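Asks: Just add 23 to wherever you are in the sequence shown, counting from 1, and you've got our numbering. The beta carbon of each residue, even a glycine, is placed where N, CA and C say it ideally should be. As the structure is a prediction and not an experimental result, all values here were calculated from the model.
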Amino acid sequence: MDPDAQEAAPTTILVVEDSLAISDVAATALRFQGYDVVQVADGLDGLTHATTHPVDLIVLDVMLPGMDGFEVCRRLREQDVPTPVLFLTARGDLDDRVRGLDVGGDDYLPKPFTVDELTLRVAAILRRANPAPITETLQVGSLSLDPATLEASRDGRSIELSATEYRLLHYLMVNEGVVLSKSRILEAVWGDDGDHNPNVVELYIGYLRRKLDGDHPPLIETRRGLGYLLREDSA
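And the structure:
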């Protein structure tokens, strides 16, 4: 047996869903793809497991007994748990989708969904959360981003980023000085699955601005009708 295969830890996914039928279908499909799957049916149990047992991704229903999915995700981020979260939401409920991203979720999947949609979405999130390693530190003025450690800082001040915020900042920095449209950012950061509201880009740009700027000159500039660009001491 390949020694590397022995050392590689399996990818573990936590499914938090109170409908046994949906949970079992999701778990079966994910196990068929080679993932280890843990199933819980209560929001509080999901929060406890996610904070005490490291997992690689959480599939999290919104409507749960004990604690709803939004509150579970909010508390995870409050406790600095960076595990990617895929929300399961009611079809067409835009408020649920925006709120899920606002509390720190990484993506959402409307119900009802097919097992192919689920497994493709899970694979895309895991790819984004575990990009190919890059060792060169990115620098724009006083802002630095170390892809090896996923850490950002400005003038020596450490900046904590969620997984999605990191991907967005990385994309802006590698395209320093280039105006990037919302659709281009959406495809690069969230994936080209055609199921995202472009307003999520504006939402996360706002998050980054609050974290990056403080008393410093703004780094991210809005070009109305065109998109966004990042450059040193943007005005």
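Compare the C-alpha of Ala146 against each of Leu249, Glu244 and Arg54 and name the closest.
Replies: Residue mapping note: residue 146 aligns to position 123 of the sequence shown, counting from 1. Ranking Leu249, Glu244 and Arg54 by Cα distance to Ala146 puts Arg54 first.
Asks: What are the start and end residues of each continuous beta strand (DSSP E) run of 3 or more residues lying completely inside the segment 207 to 255, in chain order?
Replies: Correct list: 243 to 246 and 250 to 253.
Asks: With DSSP run on the structure shown, which of helix, strand or coil describes Ala113?
Replies: Counting from 1 along the sequence shown, the entry for residue 113 is found at position 90. If DSSP states are grouped into helix, strand and coil, Ala113 belongs with the strands.
Asks: Please name the residue, chosen from Ser185, Ser167 and Arg207, that lies closest to Arg97 on a Cα-to-Cα basis.
Replies: Numbered from its first residue, the sequence shown carries residue 97 at position 74. Nearest option by C-alpha distance: Ser185.
Asks: Counting only the same chain and skipping the five closest in sequence on each side, list residues whose C-beta sits under 7 Å from that of Met24.
Replies: As a working note, residue 24 is residue 1 in the sequence shown. Residue placement at Met24 cannot be trusted, given a pLDDT of 37 that sits under 50; what the coordinates show is reported in the next sentence. Excluding residues within five positions, none has a Cβ falling inside 7 Å.
Asks: Excluding five sequence neighbours on each side, which residues of the same chain lie with their C-beta closer than 8 Å to the C-beta of Glu188?
Replies: Walking along the sequence shown from the start, residue 188 turns up at place 165. Counting only Cβ-Cβ distances below 8 Å, and skipping sequence neighbours, we find Tyr227, Tyr230, Leu231 and Lys234.
Asks: For Thr74 versus Gln102, is the C-beta spacing smaller than 8 Å?
Replies: Here the question's residue 74 lines up with position 51 in the sequence shown. Here the question's residue 102 lines up with position 79 in the sequence shown. Yes, Cβ-Cβ distance for Thr74 and Gln102 is below 8 Å.
Asks: How about Arg246 and Val202: are their beta carbons less than 8 Å apart?
Replies: Within the sequence shown, the letter at position 223 stands for residue 246. Within the sequence shown, the letter at position 179 stands for residue 202. Result yes, Cβ atoms of Arg246 and Val202 sit closer than 8 Å.
Asks: Express the C-alpha separation of Ala52 and Tyr194 in angstroms, rounding to a whole number.
Replies: Taking the sequence shown and counting its residues from 1, the one referred to as residue 194 is at position 171. Taking the sequence shown and counting its residues from 1, the one referred to as residue 52 is at position 29. One C-alpha to the other measures close to 32 Å.
Asks: Pro105: which of Met86, Leu80, Leu124 and Gly123 sits nearest, CA to CA?
Replies: To locate residue 105, count along the sequence shown from 1; it is residue 82. Comparing Cα positions, the closest option is Leu80.
Asks: Report yes if the C-beta distance between Ile179 and Glu255 is below 8 Å; otherwise report no.
Replies: Indexing the sequence shown from 1 puts residue 179 at position 156. Indexing the sequence shown from 1 puts residue 255 at position 232. With the sequence shown as reference, residue 179 is identified as Gly, and Ile is not the correct amino acid for it. Against a cut-off of 8 Å, the Cβ pair of Glu255 and Gly179 comes out as no contact.
Asks: For Gly123, which residues from the same chain have a beta carbon less than 6 Å from its beta carbon, with the 5 sequence-adjacent residues on both sides left out?
Replies: Stepping through the sequence shown from its first residue, residue 123 is reached at position 100. The answer, listed in chain order, is Phe110 and Tyr131.
Asks: Is the distance from the Cβ of Leu192 to the Cβ of Ala171 below 8 Å?
Replies: Mapped onto the sequence shown, residue 192 falls at position 169. Mapped onto the sequence shown, residue 171 falls at position 148. In this structure, Ala171 does not lie closer than 8 Å to Leu192 by Cβ.
Asks: For Ser167, write down the residues that DSSP places opposite it in a beta bridge.
Replies: Within the sequence shown, numbered from 1, the residue matching residue 167 stands at position 144. Beta-bridge pairing links Ser167 to Gln162 and Ser176.
Asks: Could you check if Arg150 is buried or exposed, using at least 16 other CB atoms within 10 Å of its CB as the buried criterion?
Replies: Residue mapping note: residue 150 aligns to position 127 of the sequence shown, counting from 1. Exposed, because fewer than 16 other Cβ atoms sit within 10 Å of the Cβ of Arg150.
Asks: Can you tell me whether Glu183 is buried or exposed, with buried defined as 16 or more other CB within 10 angstroms of its CB?
Replies: Taking the sequence shown and counting its residues from 1, the one referred to as residue 183 is at position 160. The residue is exposed, with fewer than 16 neighbouring Cβ atoms inside 10 Å.
Asks: Residues in the same chain with beta-carbon distance under 7 Å from Leu253, minus the five sequence neighbours each way, listed in chain order, please.
Replies: Here residue 253 is taken as the residue at index 230 of the sequence shown, counted from 1. These residues qualify, in order along the chain: Val163, Leu195, Met196, Glu199, Leu242 and Ile243.
Asks: Rounded to whole angstroms, what is the Cα-Cα separation between Gln29 and Thr35?
Replies: Counting from one through the sequence shown, the residue named residue 29 turns up at place 6. Counting from one through the sequence shown, the residue named residue 35 turns up at place 12. Caution is warranted here: a pLDDT of 44 is assigned to Gln29, below 50, making its placement in the model unreliable, and the coordinate value is therefore given only provisionally. Gln29 and Thr35: Cα-Cα distance of roughly 16 Å.
Asks: Using a Cβ-Cβ cutoff of less than 6 Å, which residues in the same chain neighbour Gly57 once the five nearest sequence positions on both sides are dropped?
Replies: Position 34 of the sequence shown, counted from the first residue, corresponds to residue 57. Answer for Gly57: no residue qualifies.
Asks: DSSP on Leu184, reduced to helix/strand/coil?
Replies: Along the sequence shown, read from residue 1 onward, the residue named residue 184 stands at position 161. DSSP places Leu184 in coil when its eight states are reduced to three.
Asks: Among His239, Leu37, Ala44 and Thr160, whose alpha-carbon lies nearest the alpha-carbon of Pro135?
Replies: Mapped onto the sequence shown, residue 135 falls at position 112. Looking at the Cα atoms, Ala44 is the closest of the given residues.
Asks: Would you identify the three-state DSSP class for Asp65, choosing helix, strand or coil?
Replies: On the sequence shown, residue 65 is found 42 positions in, with the first residue counted as 1. Of the three classes helix, strand and coil, the one that applies to Asp65 here is coil, per DSSP.
Asks: Using a Cβ-Cβ cut-off of 7 Å (strictly less than) and excluding sequence neighbours within five positions of Leu141, which residues of its own chain qualify?
Replies: Translated into positions along the sequence shown, residue 141 becomes position 118. So the list reads Ala49, Ala52 and Leu132, once near-sequence residues are dropped.
Asks: Could you work out which residue in Asp169, Thr112, Pro221 and Arg144 is closest to Leu83 when comparing CA atoms only?
Replies: As a first step, residue 83 must be located in the sequence shown, where it is residue number 60. Nearest of Asp169, Thr112, Pro221 and Arg144 to Leu83, Cα basis: Thr112.
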